Structure formats: structure tokens, C-alpha cells
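Trainee:
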Amino acid sequence: MAAPIEVTGSDTEAQPEAVLAGVDGKKIQGRSLGQIAWMRLKRDKVALTGALVVIVLILIAIFGPFFTQNPLTYHQNLIDPTYNRPKTGFWHSGISGDHWLGVEPGTGRDMLARIVHGARISLLVSFLATLVSVVIGTVMGIIAGYFGGWVDYTISRAMDAFLAFPLLLFAIALVGVVSDGAFGFSGNGLRIGVLVMVIGFFNWPYIGRIIRGQTLSLREREFVDAARSMGARNSYVLFKEVLPNLVAPILVYSTLLIPTNILFEAALSFLGVGVIPPTPSWGGMLTLAVPIYSSDPMYMIIPGMAIFITVLAFNLFGDGLRDALDPRAK
Amino acid sequence: MFAYIIRRLIGAVLMLLLVSLVTFGIFFWLPKLAGQTTDQIAASYVGKAPTAEAIQDTKERLGLDKPVVVQYGSYLKAIVVGKDYKAGPVTDHCPAPCLGYSFRSSQPVLETLLDRAPATASLALGAAVFWLIGGIVTGVVSALRRGSLWDRAAMIIALSGVSLPIYFTGLVSLALFSYTLKIFPGGGSYKPITEDPVMWFQSLVLPWVTLAFLYAAMYARLTRAGMLETMNEDYIRTARAKGLSETTVVTKHALRASLTPILTIFGLDLGLLLGGAVLTESTFGIPGLGQLAISSINSGDLPMVLGVTLITSVSIVGINLIVDLLYAIVDPRVRLG
């Protein structure tokens, strides 16, 4: 008599549904890279704080100027004519119920309004400049990495050359040369355009190098071979097969490039080649603070902290995003 | 090795040609492109109330009416073989390498550059010592004690460091240590080391520390990331398996490999700073190449601007060459060829 092969009973029978149901009754399912990254990011409280601050700053830059006072209105009555600094507030900052961040020495212009309007300029220039860098860097990097050979050699040497340029000097010289009216534009519109192009154009090699490296390894993958063997053209492979796989690094390094560009814009404004006064800018305020930092320290601290908080928030968020999207780079 | 150096030197010369070409383009070609006439360009070099004769004179003296290519050619020729300037009856000879004369002060450019270089070099080299030691030590310790209190504190400070504009930290340190506590002299008190070594040192402490803080923060982050990656390599396990002491494993094996990318960045950073630490110099009032560059750009002194950008590029290219040669010594995996 043969032993019963057929084993019955619920305790030994395979129950795929039960496994999928998971331990706590939650269903186990496949997750996309985006979902995994979001899960990691959700756990990273520091990065989330950064992201929150970034969102608030963007909202302030967009909507804030509608709610503040006029940043150009003088309040001479608040200024002590002997010392040329605000009469009231601690450290002669002029901080009061009417002026939450105090007033500017000499003119009495509202600091909160100037900071909020400055945020708009700072974020506008740095976002657009980042966009320029990312577009040029991605296109150059992907072409260099995909085609290789002399194309790669030429683009790589160009990137090396850019890194060896005294960029800050060039940027100052450029802005200085086209300062008043060129290409049919004038005033702050031209200035912002020039700032965006200069900052964006000089920063593309950083993104370009990363994209090139990533493309080099993507090029050898099976799905690229498959696409090519089915007769896809180069442009199709580049933009439909390779580019979607580069979204993660592009996103991460864009987020990390924005704070660099904020600092670059502030530095140019500090050196007097940013937007034209009286339009407020954070760097420009610090220039005015240099000769008076000892008598009116708050005038130096407020724009400095504005730059610091903004740049730090973007850096925290960018670092967190990198860790979430690329677990190897930690 | 010898062929490598020759090849790199040729590359360096090409690089310098490119930089000078771009600078030349910015000042002579771009204004034309933006719609300025030759007369307007010449007028901007004359002064406040340009007369027709003065403009004509400037145009001829500077060769502004010639094509940009010809102007560039004569600039390069002057660097290689020198140039004679006719100033009335006397002829002034400017020996090679001739960078021309300032439009504003009429001083030879090379002389002014050499005059300003020591201040910038004092600032950059001093800060480099601080940031290399500070950044690398912090990074290594953080990587070895990953996740510890030290690591987290150091990385928070480092992230803050890279998020702070240098002119702001400079102003805060001046307000704190110079104005309030009166430990160090204020801005603009720089004296050459040959004149007053004590004052030279005292006036540079704050700029050194301020500049070094920014770079140390960057290098600490880089070193930490590099060390974390290297410590997972197979050869580290091999080194430990051989029974080497942890100190030897960390310094001789891990750190040596992590230093290569840092050396590359160090070459670029130091080279750039030696050409003028623009922001630090203007914050602390140090009369170096950076301040010279800014004032020359603001006054449209083209020969001076070209001189500063060229000297900056020379230092970047030169230091990069040295760094690439050092690679072979630091990292045994690198073979030059």
C-alpha cells in the first residue's frame, strides 16, 4: 500500500495569497524606483524640513511681494540724522510692529519688503540659470557619453577648459560690458537675462560630467542594444531610451546646483554687477552693510541669514534627494 | 613621463590662448555685437568728457579701428617678442613678456600684477594649509566614526559652511573678533611681509580662517564620502587580513586612494584663488589681484583685466599640471602615459 502522496490540510498547502498578504495583513507589492525613493525620503526628517522651507521660500518669492510694503518707500522720520541709522529697536535695527525686520540705515526703507523682493530676484535668477545649465549639460553630456570617440574627446576637453576659467572674473566682465542696453533690452530685464545666461552657461560642465558618466554605462545596457537592433535611430535611443534613465541624477544635481547659483548671484550682486539698485537684492544689501557693519550689525545679519537659510534648505533637500534616489552615494 | 609633460604643456598653452581669446572677445567683440560703435567703445576708455580728437587718438593708439583678429594678434606678439610704444619723440620698449600698459594708470601691466601677487599668494597659501588639514582630518574622523555624534555635528557644521557666503562670514568675523573683541585688526590693515611681518600675520588670520572654513567644509564632505567608499573596497579587507594595524590601513591604504579626487579639486581651487580671491579680498580690503581685477573691470581697463585673467589661468593650468604629476606618487594605481 502506497503511502498517501497527496497531503491535505491547510497548514501545509502553499498559500501564495497569504504570503502576499504580508505580516500585518498589508499586501506586498512591487514598488517602482520612485516609490522606493519617496519612502526613503519620507524617513529623512532633515531633508523633509529642507523641502518644506524650500516650498515656503518659493511661495514667499511668488506671492510675498503682493503683501509687503513698498520696498522703495523712504521712512526718513525713523532715521537718526546724526548717525544715519535707525533711531529705535535693539542694535539700532529699527525693528518695530510696523517694520518686522527693521529699516535700512540712511533711507529707512522696510527691510522685510526688501528681503521678500530680494527672494524673488534670487530664486528667479538661480532657477532659470539652473535650467540653462541643466539643458546644456544634459545635451552635451548625453552626446559625449553616447557617441564617444572624437565627439566625447572634444566635449570633455571643453568641459575641462570651462573648469579652468576664472568664472567670477568673466561673469563680472560680461555683465559690466553689456550693462546698459544691448540686444534690444535694457534695465533690469537685460541684467536678469545676462545674469541667467552667464551663471547658467558657466555651470553646465558640472552637470555635463555627471550625465556623461551615467550615459557611458547606460550605453552598454541590453535595452539600448535591443532598441538599436530593432532599428531605432540614434535620436530615438538618446531621448526615449537613455534620457528617461537619467531623470534621477538630473533631478538631484539640479537641486544641488540651485544653491550654488543662489550664492553666485548673491556674489555678483555683492560685487555690484547684479540687478540695478534700487531693486533690492540680498548680495547688494550686504555690499551696503560692509562700511557700517560695526554701527548697524542687523543690517548685515538679515540679508546674510536670508542667503544662508535659503542655500542651506536647498542643500539639505538636495542631499536627502540624492541619498533617496541613489542609495550607493551616501 | 617626459612625453606626458610635453603633451600637457602644449595643452596648457592652448588653454591660455583660449582664455585670452575669450577675454578679448568679451571686451572687443561683444560690445560690437551688442550694438556699440567703435567710437563709443573708444569713448569709454577716454574718460568723463570725451572730445572728438581724444576719441580718434585713443582709437589709433589702441588700434580699435583694426579688426579684432588683428588686435588680438598684436597682443599675442607683444607677449612673445615684446613691443615698442611710440610716445612722441621717445620710443618706449616693453620687453617680452609684454602685457601692455594700463589704460588708466599707464603703468606696465606685468609690474602691477607682480606688485599685487604677494598679497593674494599670502592669503591663498595660508588658507590652503588650514583648510587641507582641517577638512581632511574632519572628513577622515567622520568617516571612521560614521553615525556618531562627532560625525553628525561635523557634517552639520560642514553643510552650514558650504551654505554661507564668504563675504558674510567675513563680515561677521570682523564684527566679532575685530570690532567687538578687538583681538585682530580690522579690514584694510594688510601690510607686506617684508615691511611688517607681525602686522602681515595679524591682518591675515581672520581672512585665512574665513576662507579656510568655506573650503574645509567642502573638503570634509568630499573626504568623508571618499573614505566611506574606499573603506568598503576589497583591498582594505586584504590589508586588514594581512594583519596591518588599523592606522596603517587608514592612512596608507584608504586615505591615499581617497586623496586623488581631492587633489584634483585642490588644484583647481588653489589655482583659482592664486589668481585673486575676489570676494575675500574685497571683504577684508586686501590689495591683491582680486581687488585689482574688480577695479580694472569697473574702470574698463582692458589690458589689466586681460593680465589678471591670464595670470589666473596660468596658475590654474600650472597647478593642475603639478597635481597630475603628484597623482602618480599619491595613488599607485595611476600610470601617466
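Protein chains in written order, with my numbering: chain A, 1 to 330; chain B, 331 to 667. Just so it is clear, CB atoms sit at the ideal spot from N, CA and C, and this is done for glycine as well. Only a predicted model underlies this, so the values are computations on that prediction, with no experimental measurement involved.
Helix, strand or coil, according to DSSP, for residue 86 of chain A in the structure here?
Mentor: strand
Trainee: Would you call the segment 66-77 of chain A and the segment 104-112 of chain A touching, i.e. three or more CB-CB distances under 8 Å?
Mentor: yes
Trainee: Report yes if the CB atom of residue 245 of chain A is closer than 7 Å to the CB atom of residue 218 of chain A, and no otherwise.
Mentor: Yes, these two residues count as a Cβ contact at 7 Å.
Trainee: Select from B/602, B/552 and B/525 the residue whose C-alpha is nearest the C-alpha of residue 471 of chain B.
Mentor: B/552
Trainee: Can you look up residue 329 of chain A in the DSSP assignment and give me helix, strand or coil?
Mentor: Note that residue 329 of chain A scores 47 on pLDDT, short of 50, meaning its location in the model is unreliable; the coordinates nonetheless yield the value given after this. In the structure shown, residue 329 of chain A sits in coil (DSSP, three-state: anything other than H, G, I, E or B).
Trainee: Using CA coordinates, which residue listed in B/501, B/524 and B/520 is at the minimum distance from residue 533 of chain B?
Mentor: B/520
Trainee: Report all residues from its chain with a CB closer than 6 Å to the CB of residue 204 of chain A; omit the five preceding and five following residues, and keep chain order.
Mentor: For residue 204 of chain A, same chain residues with a beta-carbon under 6 Å away, outside a window of 5 residues either side, are 133, 136 and 137 in chain order.
Trainee: Count the other CB atoms, across all protein chains shown, that sit within 10 Å of the CB of residue 579 of chain B; report buried if there are 16 or more and exposed otherwise.
Mentor: buried
Trainee: Residues in its own chain within less than 7 Å of residue 101 of chain A by CB, not counting five upstream and five downstream?
Mentor: Cβ neighbours of residue 101 of chain A beyond the five flanking positions: 95, 111, 112, 115 and 302.
Trainee: Taking just the CA atoms, how far does residue 51 of chain A sit from residue 718 of chain B?
Mentor: Because chain B in this structure spans residues 331 to 667, residue 718 of chain B falls outside the shown range and cannot be described.
Trainee: Give me the DSSP bridge partner(s) of residue 103 of chain A.
Mentor: As a beta-bridge residue in DSSP terms, residue 103 of chain A pairs with A/110.
Trainee: Is there at least one Cβ from chain A nearer than 7 Å to residue 358 of chain B's Cβ?
Mentor: Not one chain A Cβ lies under 7 Å of residue 358 of chain B.
Trainee: Are the CB atoms of residue 434 of chain B and residue 629 of chain B within a distance shorter than 7 Å?
Mentor: yes
Trainee: With a cut-off of 8 Å, do at least 3 Cβ pairs link the segment 73-89 of chain A to the segment 292-312 of chain A?
Mentor: Judged by Cβ distances under 8 Å, the segment 73-89 of chain A makes contact with the segment 292-312 of chain A, as three or more pairs qualify.
Trainee: To be precise: take each residue of the segment 281-306 of chain A, compare its Cβ to all Cβ atoms of chain B, and keep it if any distance is under 7 Å. Which residues remain?
Mentor: 286, 289, 290, 293, 294, 297, 300 and 304
Trainee: In terms of DSSP beta bridges, what is residue 428 of chain B paired with?
Mentor: Note: residue 428 of chain B is not bridge-paired with any residue in the DSSP secondary-structure output.
Trainee: Using 8 Å for Cβ pairs, my map puts residue 618 of chain B next to residue 505 of chain B. What's the rounded Cβ distance?
Mentor: Separation of the CB atoms of residue 618 of chain B and residue 505 of chain B is rounded to 22 Å, and the pair is thereby denied contact status at 8 Å.
Trainee: From the DSSP secondary-structure annotation, give me the bridge partner or partners of residue 296 of chain A.
Mentor: Answer is none; residue 296 of chain A lacks a bridge partner.
Trainee: Can you name the residues of chain B whose CB is closer than 9 Å to the CB of residue 259 of chain A?
Mentor: 492 and 493
Trainee: Does residue 234 of chain A come within less than 7 Å of chain B when only Cβ atoms are used?
Mentor: No, no contact with chain B.
Trainee: So what's residue 244 of chain A in DSSP terms, helix, strand or just coil?
Mentor: helix
Trainee: Is residue 521 of chain B helix, strand or coil by DSSP?
Mentor: Residue state, collapsed to three classes: coil.
Trainee: Answer yes or no: do residue 492 of chain B and residue 557 of chain B have a C-beta to C-beta separation smaller than 7 Å?
Mentor: no
Trainee: Counting only runs of 4+ residues fully inside the segment 606-659 of chain B, write out the alpha helix (DSSP H) ranges in chain order.
Mentor: Taking 4 residues as the shortest admissible run, the segment 606-659 of chain B contains the following complete alpha helix (DSSP H) segments, listed from N- to C-terminal end: 608-614 and 619-628.
Trainee: Could you have a look at residue 582 of chain B and say whether DSSP puts it in helix, strand or coil?
Mentor: Collapsing the DSSP output to three states places residue 582 of chain B in a helix.
Trainee: Can you pull the chain A neighbours of residue 642 of chain B, defined as C-beta to C-beta under 8 Å?
Mentor: 166 and 169
Trainee: Using the three-state DSSP reduction, which class does residue 438 of chain B fall into: helix, strand or coil?
Mentor: DSSP places residue 438 of chain B within a strand segment (E or B) once states are collapsed to three.
Trainee: Put residue 513 of chain B into one of helix, strand or coil per three-state DSSP.
Mentor: Three-state DSSP puts residue 513 of chain B in coil, outside helix and strand.
Trainee: Quick one, are the C-beta atoms of residue 537 of chain B and residue 263 of chain A less than 7 Å apart?
Mentor: No, they are not a contact pair.
Trainee: State yes or no: is the C-beta of residue 516 of chain B within less than 7 Å of the C-beta of residue 503 of chain B?
Mentor: no
Trainee: Helix, strand or coil: which one does DSSP assign to residue 276 of chain A?
Mentor: Assignment of residue 276 of chain A by DSSP, reduced to helix, strand and coil, places it in the coil class.
Trainee: Which chain A residues are close to residue 605 of chain B, counting only those with a beta carbon under 7 Å from its beta carbon?
Mentor: 166
Trainee: Alpha carbon to alpha carbon, how far is residue 320 of chain A from residue 41 of chain A? Give it in angstroms, no decimals.
Mentor: 7 Å
Trainee: Output needed for residue 249 of chain A: all residues of its chain with C-beta closer than 6 Å, excluding positions within five of it in sequence on either side, in chain order.
Mentor: 210 and 214
Trainee: Excluding the 5 residues preceding and the 5 following residue 351 of chain B in the sequence, name in chain order all residues of the same chain whose CB lies nearer than 8 Å to its CB.
Mentor: Take residue 351 of chain B, set aside five residues on each side of it, and the residues of its chain with a beta-carbon closer than 8 Å to its own are 402, in chain order.
Trainee: Kindly indicate the opening and closing residues of the alpha helix (DSSP H) around residue 351 of chain B.
Mentor: 332-354
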